[in-house]
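Q:
Numbering (this note's numbering), first residue to last: 5 to 231.
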């Protein structure tokens, strides 16, 4: 992806992101026992070291989660919005990609818009998702490697890009056997094999549920504080 010059990003947004990043730095891990070459290690001492590592990892994970919660709360308090060319709010800004050309947005229905391009005004940006099917005919319920509560763009069976969502109440499915997928060329068939990552059922976008009316927004799409 190319960088977009002149992106109107609020200094407050950048500062919140920096503070959150600083707060998730991991602390040094200390273990109760140190071993040297040729020494005998007792099982109880080895287990104590593993327990210390597990505790440190869990504590760092908790700090990361807390920092993300603080960032989300700060964004909602500050009212950092993504708006379209008609000055209509798309939703709250959640994330800006590294190249500063795509954003994730929280809608009024509490769904997350995945990868809205600031350059084109289209959801899905440069890389739409692929729908996966538990058969070799691209039929039945499609799945996607996108978590519950997301609205996203994906290739449909006609080779075009459509808008889909994963319901917030959907549970992840593991080891789903996948034998075909949608792509820009239509249906691609492969041998049935378990998918290595969790999958969620993909549904055609429902504006009344997600708060997203269409895949495209009027340009320019910009970022600003609420008035």
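Each residue gets a CB set at the ideal place from its N, CA and C atoms; glycine is no exception.
Quick one: grab the DSSP three-state call for residue 226.
A: strand
Q: Give me the Cα-Cα distance between residue 174 and residue 152, rounded to the nearest whole angstrom.
A: 6 Å
Q: How should residue 38 be labelled, buried or exposed, when 16 other C-beta atoms within 10 angstroms of its C-beta is the threshold for buried?
A: Counting of Cβ neighbours within 10 angstroms places residue 38 among the exposed residues, the total staying below 16.
Q: Are the CB atoms of residue 189 and residue 149 within a distance shorter than 8 Å?
A: Cβ atoms of residue 149 and residue 189: not closer than 8 Å.
Q: Let's test the definition: count the other Cβ atoms within 10 Å of the Cβ of residue 206 and tell me whether it reaches 16, buried, or not, exposed.
A: Classification of residue 206: buried, given that the 10 Å Cβ count is 16 or more.
Q: Return yes when the Cβ of residue 210 is within less than 8 Å of the Cβ of residue 156, no when it is not.
A: no
Q: What number of angstroms, rounded off, separates the C-alpha of residue 171 from the C-alpha of residue 154?
A: Spanning the two alpha carbons is a distance of roughly 8 Å.
Q: For residue 200, which beta-bridge partners are listed by DSSP?
A: DSSP lists no partner for residue 200.
Q: Give the DSSP-derived three-state secondary structure of residue 162 in the structure shown.
A: In the displayed model, residue 162 falls within coil according to three-state DSSP, outside both helix and strand.
Q: Does the distance from the CB of residue 87 to the CB of residue 120 come in under 8 Å?
A: no
Q: Indicate the three-state DSSP secondary structure (helix, strand or coil) for residue 119 in the structure shown.
A: strand
Q: Should residue 94 and residue 109 be called a contact, given that it needs their Cβ atoms to be closer than 8 Å?
A: yes
Q: I'd like to know whether the C-beta atoms of residue 168 and residue 158 end up nearer to each other than 8 Å.
A: yes
Q: Any idea what DSSP makes of residue 112, helix, strand or coil?
A: coil
Q: Straight-line CA distance for residue 180 to residue 138?
A: Distance from the CA of residue 180 to the CA of residue 138, rounded to the nearest whole angstrom, comes to 7 Å.
Q: Among the candidates 195, 204, 160 and 127, whose CA atom is the shortest distance from the CA of residue 134?
A: Per the Cα distances, 160.
Q: Which of helix, strand or coil does DSSP assign to residue 194?
A: strand
Q: Return the chain-ordered ranges of every beta strand (DSSP E) run that is complete within the region 122-163 and spans a minimum of 3 residues.
A: 154-159
Q: I need the straight-line Cα distance from residue 216 to residue 111, nearest angstrom please.
A: 7 Å
Q: So what's residue 205 in DSSP terms, helix, strand or just coil?
A: strand
Q: Under the rule that 16 or more other beta-carbon atoms within 10 Å means buried, what is residue 107, buried or exposed?
A: buried
Q: Is it the case that the Cβ atoms of residue 185 and residue 140 are separated by a distance below 8 Å?
A: no
Q: Based on Cα-Cα distance, which residue from 97, 105, 125 and 100 lies nearest to residue 223?
A: 125
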